[in-house]
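Scroll down for the structure; my scribbles are underneath it.
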Amino acid sequence: MSKKTTPQAIRGTQDIFGADAEAFAFVVETFERVRRLYRFRRVEMPVFEKTEVFARSLGETTDVVSKEMYSFEDRGGESLTLRPEFTAGIARAYLTNGWQQYAPLKVATHGPLFRYERPQKGRYRQFHQIDAEVIGAAEPQADVELLAMADQLLKELGINDVTLHLNTLGDAASREAWRAALIEYFRAVKDQLSEESQERLEKNPLRILDSKDLRDKPFLADAPKIDAFLSEEASAFFAAVTSGLDAAGVTWVRAESLVRGLDYYRHTAFEFIPDEGSASAAALGSQSTVLGGGRYDGLLESLGGAPTPAVGWAAGIERLAMLVGTSEDDWADVALVIEEEGLEALAAKAMRALREEALSAELFDTGSIRKRFDKASKSGASIIYVVRRQDGKLVGQAKGHDQGLWDSVTKVMELQLAEANR
RNA sequence: GCGAUCGUAGCUCAGUUGGUUAGAGCGCCGGUUUGUGGUACCGGAGGUCGCGGGUUCGAACCCCGUCGAUCGCCCCA
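Heads up, the first sequence is in the working numbering, so the first residue is 31 and it goes up one at a time.
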């Protein structure tokens, strides 16, 4: 006879409860509200896709694809993957559902994503994001609107100590030329770079630019700058984005070394990052980016679609929730205390009646009769309504300071007791 | 994938140089008390000291492994 053990939760998953769950819901509710203001349409996406949806769009060599995806074969032998991000799946849906007819299409969604990473503060294997995408819009105004929405969302969440860090990666040609120049520049000093940067030199030279390693720092200042490689169109595009942001009142800083990890990004790239020394920076630790995204004009082609311009961003709900502060537990309008046994039917009926009047109500009718009132007091409910028997009849008494609630609770309960006493 | 710290009741933790039945507060359950029913007091339930090996006469405490958490690197939201 073996002892029963309780299975543990999967590493990197979370059971969100209490104040954390309230903060999580607050983030999602605020996002839903803001997204409507900007007329982004709600979409619901599958949690898994064919593996190639992600492999082809994110790039086979990216860390996400090469070592962080939850991939498995289904019973039909097909390779499927739990979504590590939203964009690729939405792009796929745009193509397979003929959503071109709605272009430019503004959509928003939220939900769980999965990445096999080492869990840390603000980083989980199952994590949650809110996401906004504009597909089929080549104009810089789309970038501006999207960023204005992100900015307003953060403000409405009460997060005021983060700033938009903005960069451009140029068009495909600009980006390639810059990349080649970076490889050439860093190859010359390869031996003096950190091991990690030596590896990055082959895989993702852009990443060397934001290396934190002291050995790399001396070479960063004189590294080739993207601005020198931008085509005329690319710089005009970036100029239009920045002036649009200024007009919309979105403050931003230029971040020349900001790059994106995934292959599909072009032109605008951005992250909202806590200001140095701010409360948000302290709350997030090393997971500094709270919202990030950019333009991905190349992505739909990589999935076999026609060349289609697009921009989008995503933000980690857990990270945002850490910044909105702990919201208080909210209290019930009424705590109904039944100081007698055998009144279960009355209790059930009265609770239903209270709730039908839109009063949030909690019932205390178990355990020590003497302590039921204690528990109701501690629950923090606005009105405590006590039912007990006096001279053979059930009587009720309401306690609390909120006159409006007091009246509506009393009204409902008087009726209930009158019926019960008949 | 790499490094560091940590893992004792439901929760927060204490546990002296390894030594008899592992403790506290809060919470929970029951009771007593109270002339403002949220107070105070008493009692009770609840622990394979993460898990598995090892060292030792003896381990919560030392060693190894493993799982998990936390912090950082990498990467990213």
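We treat Cβ as the ideally placed atom computed from N, Cα and C, and that holds for glycine.
On a predicted model such as this, the values are computed, not experimentally measured, just so you know.
Checking the sheet assignment: what are the DSSP bridge partners for residue i?
i, result
"D243", "D243 is not bridged to any residue."
"D161", "T139 and A344"
"V417", "I368 and G426"
"I303", "T193"
"R284", "L196"
"Y100", "L112"
"Q156", "F144"
"E79", "T111"
"R452", "Partner(s): none; R452 has no beta bridge."
"T298", "T198"
"R72", "A138"
"G322", "E301 and A344"
"Q150", "R153"
Just to confirm, is the Cβ distance from residue i to residue j under 7 Å?
i, j, result
"G200", "L260", "yes"
"G328", "Y294", "yes"
"A365", "A411", "yes"
"H195", "V283", "yes"
"L389", "D363", "yes"
"A345", "I46", "no"
"V58", "L187", "no"
"V442", "E387", "yes"
"A351", "F102", "no"
"A450", "L424", "yes"
"I413", "V439", "yes"
"D173", "T60", "no"
"L125", "F78", "no"
Taking the straight line between their C-alpha atoms, what separation do you get for residue i and residue j?
i, j, result
"I120", "R402", "53 Å"
"D50", "R153", "15 Å"
"L447", "G426", "8 Å"
"T193", "R325", "19 Å"
"E301", "F249", "24 Å"
"A479", "Q130", "This structure leaves residue 479 out entirely; the chain is present only between 31 and 452."
"Q171", "T281", "16 Å"
"N127", "V83", "15 Å"
"A27", "A258", "This structure cannot speak to residue 27, because the chain is shown only from 31 to 452."
"Y132", "P339", "14 Å"
"K379", "A391", "12 Å"
"N234", "S318", "21 Å"
"Y100", "I256", "35 Å"
"Q222", "G48", "50 Å"
"D305", "N190", "9 Å"
"G323", "N197", "11 Å"
"E108", "L288", "37 Å"
"L143", "E348", "12 Å"
"S204", "S265", "10 Å"
"R209", "K97", "24 Å"
"E331", "S87", "9 Å"
"E14", "I368", "Nothing about residue 14 can be reported from this structure: the residues present for the chain run from 31 to 452 only."
"P76", "L231", "36 Å"
"A285", "G106", "47 Å"
"D241", "V219", "According to the sequence displayed, residue 241 carries Ser and not Asp. Cα to Cα, the separation comes out at about 15 Å."
"K33", "S308", "Residue confidence is low: K33 scores 49 on pLDDT, short of 50, so the model does not pin down where it sits. Its coordinate-derived value is still stated next. Taking the straight line joining both Cα atoms gives about 50 Å."
"V436", "G141", "Reading off the sequence shown, one finds Trp at residue 436, where the question assumed Val. Roughly 40 Å separates the two Cα atoms."
"E263", "P37", "57 Å"
"R237", "P254", "13 Å"
"E206", "K80", "29 Å"
"L183", "F56", "12 Å"
"D404", "V416", "12 Å"
(message) Quick check: the stretch 33 to 51 against the stretch 334 to 344, are at least 3 beta-carbon pairs closer than 8 Å?
(response) No, because fewer than three Cβ pairs between the stretch 334 to 344 and the stretch 33 to 51 fall closer than 8 Å, the two stretches do not touch.
(message) Contact between the stretch 301 to 318 and the stretch 208 to 215 is defined here as three or more beta-carbon pairs at a separation below 8 Å; is this criterion met?
(response) They do not touch, by the three-pair rule.
(request) Check whether the stretch 368 to 377 touches the stretch 389 to 399, taking contact to mean three or more Cβ pairs, one atom from each stretch, closer than 8 Å. (result) Look at the beta carbons and you see the stretch 368 to 377 touching the stretch 389 to 399: at least three pairs across the two are nearer than 8 Å.
(request) Examine the Cβ distances between the stretch 61 to 73 and the stretch 134 to 143 and report whether three or more of them are shorter than 8 Å. (result) With the cut-off at 8 Å, the stretch 61 to 73 and the stretch 134 to 143 touch.
(message) Quick check for students: name the residue ranges of the beta strand (DSSP E) that lie wholly in the stretch 340 to 412, counting only runs of 3 or more.
(response) Secondary structure in the stretch 340 to 412: the beta strand (DSSP E) runs of 3 residues or longer, each lying completely within the stretch, are 340 to 346, 364 to 368 and 391 to 394 in chain order.
(request) Answer yes if the stretch 214 to 234 comes into contact with the stretch 243 to 260, meaning at least three C-beta pairs across the two stretches below 8 Å, and no otherwise. (result) With the rule of 3 Cβ pairs closer than 8 Å, the stretch 243 to 260 counts as touching the stretch 214 to 234.
(request) Examine the Cβ distances between the stretch 104 to 121 and the stretch 147 to 166 and report whether three or more of them are shorter than 8 Å. (result) A contact is defined here as three or more CB-CB pairs under 8 Å, and the stretch 104 to 121 meets this definition with respect to the stretch 147 to 166.
(message) At 4 residues or longer, what runs of the alpha helix (DSSP H) sit wholly inside the stretch 204 to 261?
(response) Runs found: 225 to 233 and 247 to 250.
(request) Would you be able to state if there are at least three C-beta pairs under 8 Å between the stretch 274 to 283 and the stretch 104 to 114? (result) Judged by Cβ distances under 8 Å, the stretch 104 to 114 makes no contact with the stretch 274 to 283, as fewer than three pairs qualify.
(message) I'd like to know if the stretch 85 to 101 and the stretch 45 to 65 are in contact, where contact means that at least 3 CB-CB pairs between them fall below 8 Å.
(response) Between the stretch 85 to 101 and the stretch 45 to 65 there are fewer than three C-beta pairs closer than 8 Å, too few to call the two in contact.
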